[in-house]
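*Asks:* Quick note, the sequences are listed as chains A and B, same order.
Following full-length UniProt numbering, the numbering of the first sequence begins with 1 at its first residue and continues without gaps.
Following full-length UniProt numbering, the numbering of the second sequence begins with 1 at its first residue and continues without gaps.
Protein chains: 2
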Amino acid sequence: MHGYELRKELTAKLGAIRAAISYGSLYPTLRRLQAAGWITEAAETPATAEEVPALTSRRGRVVYKITAEGKERFAQLIAQAGPETYDDTGFGVHFAFFARTDQATRLRILEGRRRKIEERREGLRDVLGRAAERLDAYTLELQRHGLDACEREVRWLEELIANERSGRAPTVPNIGTAGGRREDNSPPPPGETRNERP
Amino acid sequence: MHGYELRKELTAKLGAIRAAISYGSLYPTLRRLQAAGWITEAAETPATAEEVPALTSRRGRVVYKITAEGKERFAQLIAQAGPETYDDTGFGVHFAFFARTDQATRLRILEGRRRKIEERREGLRDVLGRAAERLDAYTLELQRHGLDACEREVRWLEELIANERSGRAPTVPNIGTAGGRREDNSPPPPGETRNERP
DNA sequence: GTGCGATGTATCGGTCCGATACATCGCGGC
DNA sequence: GCCGCGATGTATCGGACCGATACATCGCAC
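#1: Do we get a CB-CB distance below 8 Å when we pair F74 (chain B) with the residues of chain A?
#2: Should L140 (chain A) and A149 (chain A) be called a contact, given that it needs their Cβ atoms to be closer than 8 Å?
#3: Whole angstroms is fine: what's the gap from F97 (chain B)'s alpha carbon to G92 (chain A)'s?
#4: Please classify A81 (chain A): does DSSP put it in a helix, a strand, or coil?
#5: Indicate whether at least one CB of chain B lies closer than 8 Å to the CB of Q103 (chain A).
#6: What residue from B:D87, B:D136, B:Q103 has the CA that sits closest to E118 (chain B)'s CA?
#7: I want to see whether chain B comes within less than 8 Å of A12 (chain A), judged by CB atoms only; does it?
#8: Does the separation of the CB atoms of E41 (chain A) and V63 (chain A) fall below 8 Å?
#9: Residues of chain A with CB under 8 Å from H2 (chain B), in chain order?
#10: Opposite K65 (chain B) in the DSSP bridges: which residues?
#11: I want to verify the contact list: residues of chain A whose CB lies under 8 Å from the CB of T89 (chain B), in sequence order.
#12: Got a sec: which bits of the region 60 to 72 of chain B sit with their beta carbon under 8 Å from any beta carbon on chain A, in order along the chain?
#13: Taking the alpha-carbon positions, what's the E151 (chain A) to R120 (chain A) distance?
#14: Between the region 151 to 169 of chain A and the region 105 to 118 of chain A, can you find at least three pairs of beta-carbon atoms closer than 8 Å?
#15: Just tell me which of A:E153, A:D102, A:L33, A:Q103 has its CA closest to the CA of G70 (chain A).
#16: Should D136 (chain A) go down as buried or exposed, given a rule of 16 or more other Cβ atoms within 10 Å for buried?
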């Protein structure tokens, strides 16, 4: 993909956890990835006009393609888990690419995240308990709301963990965004597929 | 307060919305505030040992104090609302200092935040509806969880807005953290004071 | 024919964070 | 008595990221 397209795709995929990738971050990153040999500039293909209609006469679009080393590095990145894997953004990114990794990794990351959120929850309970009279009503309300969010996320994570353990989760990739070809149709979803909304 | 203390206080007050202020951000900020004339270095007061026990012989602690210009600027900052007032961190910070501003400001910020979250909610519904078959099961689950969080926050905000409108919210500051002296005891809280936890 | 929103690439200044360094205080254990 | 160790405390540095901005083209509507 080219930069603009990449930004749109990522914004759609990660929309639940962050607003949008800024250009001031996107373009330097692409250069960094290219310098490391993980992506290359691929030639623009103006022949496939039926694939991408309404875009015949192109200009300076730079199309990037992942390399073999890049794929290897990507697999390594989403499988390894450090402390930053469990903060809000890090976990969200890992989770969004769960379909690209194995069950053991998914389970490890889900449990690490749960531990982290439980710690945050305990911290909030502490503040609500010990420092309640020192803080004003609005601050306390904020902590209560945050505590509530923690409790809900722990329940959500536990559902997902139970789901993984019972084997009711997809192992193979669903749709090839980076690699290209789709290698399998999507097996049962991680949740109970509660998709009431149209 | 001095830096370390400030960090602890802010971490307790804002714990629900962010982890902790880093030193790499705190100390440069203090210098910036001092350069702008909004805070000054106050003399260490070793006389009030009964106020702060277990800290008699101090070292190089730098104690800061807010100036009159700083108080004015602070009041200005929490009352004015730009686009950044409604993102996650900006709103959290404003909300944590709601006891320091007036009802009109609180109402304006709560409504701006609600609008913003409603937009995010619609965006997520769009993705879940239009791009559902293009995304894998985990990504969809992430969006569902995010959508759920949006819906809950909207309900929370509407409760708070109704509360403000009915006049059941404190107008005067509760405890003087920056200014020093407490000027009033805390009036009724914003919520229904559902404080079941000990 | 012209303006305007979407598409596209790119940079710059400023801010923030994580890691790190360094020093002291208070306390408990040996 | 003294030694280590966690809490207290100030400070900097490199790297990453963001918001604003600039500039150019495409397609379409008025």
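Idealized CB from N, CA, C, for every residue including glycine.
*Replies:* Checking against the coordinates, here is how it stands:
#1: no
#2: no
#3: 29 Å
#4: coil
#5: no
#6: B:D87
#7: yes
#8: yes
#9: Here the premise fails: no neighbours, minimum Cβ distance about 18 Å.
#10: B:T40
#11: Ordered by position in chain A, no residue passes the 8 Å Cβ test against T89 (chain B), which lies about 11 Å from the chain.
#12: none
#13: 10 Å
#14: yes
#15: A:L33
#16: buried
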